[in-house]
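Remarks on the structure that follows.
There are 2 protein chains.
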Amino acid sequence: MSTPLTPEDQLTNWLRRRVARHGVDLLGDDAAFLPRAEFAVTVDQQVAGVHFPAGLPAATIGRRLVAVNLSDIAAIGGRPAYGFLTVAAPPGLSTKPLLAAVEEELARHGARLAGGDLARSKELSTSLTLFGTRTPHGRWVRRDTGHPEDRLWIGGTVGESALGRLLLDAGANFESGRVLLAAEHQAEARTAAVARRAVRRHLCPHAQLELGEWLARRRRAAAIDISDGLLLDLERLCRASGVGATVNANRLPVVRGFATASKMMGTNAVDLALTGGEDYVLLFALPPRIHPPEGLGVTEIGTLRAGEGIEIVGSEPPDRHGWDHFSSY
Amino acid sequence: MSTPLTPEDQLTNWLRRRVARHGVDLLGDDAAFLPRAEFAVTVDQQVAGVHFPAGLPAATIGRRLVAVNLSDIAAIGGRPAYGFLTVAAPPGLSTKPLLAAVEEELARHGARLAGGDLARSKELSTSLTLFGTRTPHGRWVRRDTGHPEDRLWIGGTVGESALGRLLLDAGANFESGRVLLAAEHQAEARTAAVARRAVRRHLCPHAQLELGEWLARRRRAAAIDISDGLLLDLERLCRASGVGATVNANRLPVVRGFATASKMMGTNAVDLALTGGEDYVLLFALPPRIHPPEGLGVTEIGTLRAGEGIEIVGSEPPDRHGWDHFSSY
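Below, the structure is given as structure tokens:
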């Protein structure tokens with residue numbers, strides 16, 4: 001199967017064609033590598049009602065903004081260094097908790113908030129441009145270096161964030177650090193606990209910087225972070241590397257109780273795992289003889305192969321193709 | 330007189346205090362200088378209804394976004410190198426003209442669009458993070474290097490952009506490259522021509538990169554770009570340099586017919602020149618014996634002096650203090 005290009009892919013491809021006219025190819029990885037520079041750069045934004053529900057606490061929004069950018073740096077095996085922030089916020093909204101959260105979250109990962117721009121707007125939107133430096137004794141990790149026969153790995157569970165998003169769409173709330181589910185999702189205590197963790201996973205993602213640094217110290221690795229769904233991001237890695245892939249759906253790591261909670265939300269666990277987005281775990285390919293240490297908590301889910309397209313074994317392929325940031329709350 | 334801090338100054342000061350805890354001082358100039366890096370970085374955003382009237386052509390918005398960022402690079406004497414763009418746009422709006430304009434405008438100044446992020450939102454907002462490199466055989470220009478006895482210069486006319494903003498607020502439109510004034514501002518042909526140019530100046534500013542590079546090759550210069558009004562930005566330069574300043578209001582360069590057009594808009598030319606914002610000309614201080622070449626089109630408007638505060642001679646001080654980006658259309 002071949003997935004259609006998302007609007008963001010279309011933009012990126014269009015930009016790449018334009019930029020190529022000037023004799024450079026900076027785009028296509030999770031971050032741009034600047035020629036003759038020690039930095040890679042990534043930029044991501046968070047818009048109220050699109051990336052998070054309006055009314056989310058400002059500090060949570062700030063931490064989420066940092067996490068999605070850190071995940072891009074993790075995907076290229078870098079270390080975060082400097083962040084530049086923009087905030088456009090409605091007049092009544094206090095932005096200081098957001099700024100403080102961004103500054104603290106960057107500092108917690110050894111990076112500094114180095115500048116920004118503040119403006120008024122009707123709805124909250126915020127962006128971060130994040131610089132990463134190369135891991136000491138490491139190289140930049142790219143998405144276009146996968147080979148046929150490489151083993152395909154994943155850095156953590158998938159689908160949980162998308163489940164959280166479904167629960168938020170169905171009325172869940174996040175206040176004072178607590179998840180409040182809609183009444184109909186609280187009936188079964190064990191499933192409700194799974195659901196609450198899923199909402200938290202969606203709103204408070206964690207970037208896999210340690211795993212990225214481990215990959216950067218390998219002789220060869222290809223990686224991407226799963227922001228738009230496993231299938232869609234795998235398709236990107238495969239296209240960039242000029243290979244196809246086979247994924248064993250039965251091996252996809254999901255959290256305990258995930259199938260029941262998915263069913264409660266009227267959906268299918270394998271579909272969510274393959275196409276649910278914003279997991280922010282790394283998807284990576286390694287030569288067959290390389291086995292990551294147990295402590296990294298990674299799972300082998302398939303192989304790369306000559307040719308093109310993604311083959312799913314062990315389950316029906318899902319109906320949907322991926323997470324679209326252009327859908328709204 | 331001492332001007333109050335704008336919300337953006339307050340944010341910047343707050344950030345500086347936070348960042349200083351980690352042993353760095355990256356903020357306070359128009360761009361951040363990264364330690365051990367060859368780049369300086371600036372970020373600015375443009376939000377519909379705040380920085381430009383909703384309905385402005387997307388290409389014009391893109392060029393304006395680039396110009397205000399280029400002006401920050403001009404103020405530090407740098408050369409633009411790489412831009413990273415975010416666009417959050419309503420579903421119906423075609424963003425390609427905006428992207429194309431940003432890419433072309435960067436290319437026209439020797440810079441490259443190197444990455445970006447696209448999202449959906451209720452209103453159009455867009456930001457650019459721009460990297461500048463140091464001018465060959467030049468140094469970074471800072472705002473904190475002014476000395477008492479320095480002469481104070483300005484790179485072009487002031488107040489015209491603010492006049493344009495008043496005309497837009499009063500119903501002027503910009504369509505297909507033409508300015509359409511409200512009916513009551515078209516009566517007198519010569520003043521109408523001044524008014525149309527003012528609207529164009531507001532919407533389509535030009536950064537003074539050549540002047541910035543000339544300053545970068547001087548042994549000592551202090552500079553800032555006038556984004557929030559001459560008085561407010563001069564106050565910033567003076568605070569950073571630990572000096573006061575005397576400005577001769579009679580020397581302020583304004584366009585021909587400016588006084589009449591200001592009067593038509595119910596305001597005062599000197600007020601507009603001193604406090605109208607978004608001029609995007611450079612305000613700079615040079616040792617007394619240094620005279621910029623005629624070709625740069627700059628004007629001497631006063632001197633720096635020991636002490637603090639801004640003294641205006643040759644006119645009454647204005648009522649307002651500066652341009653506030655937090656005011657809305």
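From first to last, the protein sequence lines are chains Y and P. Going by our numbering, the residue at position 320 of the first sequence is 320; the numbering climbs one at a time, nothing skipped. Counting the second sequence from 1 gives a position; our numbering is that position plus 329. The beta carbon of each residue, even a glycine, is placed where N, CA and C say it ideally should be. Just so it is clear, the structure is predicted and the values come from calculations on it, not from any experiment.
Subject >> Every unbroken alpha helix (DSSP H) within the segment 243-323 of chain Y, with a cutoff of 4 residues, ordered by chain >> reply: 258-264, 269-275
Original post:
Does the beta carbon of residue 197 of chain Y come closer than 9 angstroms to any beta carbon on chain P?
Top reply: no
**OP:** Note down the Cα distance separating residue 392 of chain P from residue 574 of chain P, rounded to an integer number of angstroms.
**Re:** 34 angstroms
Original post:
Are the segment 79-87 of chain Y and the segment 104-119 of chain Y touching, with three or more C-beta to C-beta distances below 8 angstroms?
Top reply: yes
Subject >> chain P contacts from the segment 136-159 of chain Y (Cβ-Cβ distance under 8 angstroms) >> reply: none
Subject >> Own chain partners of residue 387 of chain P with C-beta closer than 6 angstroms, once the 5 adjacent residues on each side are dropped >> reply: 426, 427
Original post:
Is it buried or exposed for residue 534 of chain P, if we count other Cβ within 10 angstroms and need 16 for buried?
Top reply: buried
Original post:
Would you say residue 558 of chain P touches the ligand SAH, meaning its beta carbon is less than 8 angstroms from a heavy atom?
Top reply: In the structure shown, the ligand SAH is absent, as is every other ligand, since no ligand is present at all.
**OP:** Just grab the DSSP bridge partners of residue 45 of chain Y for me.
**Re:** Y/127
Original post:
According to the Cβ coordinates, are residue 202 of chain Y and residue 103 of chain Y closer than 9 angstroms?
Top reply: no
Subject >> C-beta atoms of residue 558 of chain P and residue 603 of chain P nearer than 9 angstroms >> reply: yes
Subject >> Three CB pairs or more closer than 8 angstroms across the segment 177-194 of chain Y and the segment 142-155 of chain Y >> reply: no
Original post:
Which residue spans inside the segment 486-521 of chain P form an unbroken beta strand (DSSP E) run of at least 3?
Top reply: 502-504, 507-509
Subject >> Cutoff 9 angstroms: residue 643 of chain P Cβ touching any chain Y Cβ >> reply: no
Subject >> DSSP bridge partner residues for residue 153 of chain Y (one or two, in chain order) >> reply: Y/284, Y/300
Subject >> residue 144 of chain Y in three-state terms, based on DSSP >> reply: coil
**OP:** For residue 415 of chain P, write down the residues that DSSP places opposite it in a beta bridge.
**Re:** P/446, P/456
Original post:
Less than 9 angstroms separating the beta-carbons of residue 161 of chain Y and residue 280 of chain Y?
Top reply: yes
Original post:
Taking 9 angstroms as the CB-CB cut-off, is residue 449 of chain P touching chain Y?
Top reply: yes
Subject >> residue 213 of chain Y burial status per 10 Å Cβ neighbour count (16 or more: buried) >> reply: buried
**OP:** Would you kindly work out how many angstroms separate the C-alpha atoms of residue 478 of chain P and residue 631 of chain P, rounded to a whole number?
**Re:** 10 angstroms
Subject >> Beta carbon of residue 439 of chain P nearer than 9 angstroms to that of residue 410 of chain P >> reply: yes
**OP:** Answer with buried or exposed for residue 380 of chain P, where buried requires no fewer than 16 other C-beta atoms within 10 angstroms of its C-beta.
**Re:** buried
Original post:
On the three-pair Cβ rule with 8 angstroms, is the segment 213-227 of chain Y touching the segment 254-271 of chain Y?
Top reply: no
Original post:
beta strand (DSSP E) containing residue 552 of chain P: first to last residue?
Top reply: 551-554
Original post:
Is residue 227 of chain Y closer than 9 angstroms to residue 285 of chain Y when the C-beta atoms are compared?
Top reply: no
**OP:** Kindly indicate the opening and closing residues of the alpha helix (DSSP H) around residue 211 of chain Y.
**Re:** 209-216
Original post:
Would you say residue 127 of chain Y faces chain P, with C-beta separation under 9 angstroms as the test?
Top reply: yes
**OP:** With DSSP collapsed to three states, give me the class of residue 436 of chain P.
**Re:** helix
Original post:
Closest Cβ-Cβ distance between residue 371 of chain P and chain Y: below 9 angstroms?
Top reply: yes
Original post:
In whole angstroms, what separates the C-alpha of residue 305 of chain P from that of residue 429 of chain P?
Top reply: Residue 305 of chain P is absent from the model: chain P starts at 330 and stops at 658.
Original post:
Taking the DSSP output, what are the residues bridged to residue 441 of chain P?
Top reply: P/411
Subject >> Proximity test, Cβ basis, 9 angstroms: residue 309 of chain Y and chain P >> reply: no
Original post:
Are residue 442 of chain P and residue 399 of chain P close, meaning C-beta to C-beta below 9 angstroms?
Top reply: no
**OP:** Compare the C-beta of residue 609 of chain P against all C-beta atoms of chain Y and say whether one is closer than 9 angstroms.
**Re:** no
Original post:
Do you know how far the Cα of residue 394 of chain P is from the Cα of residue 640 of chain P?
Top reply: 33 angstroms
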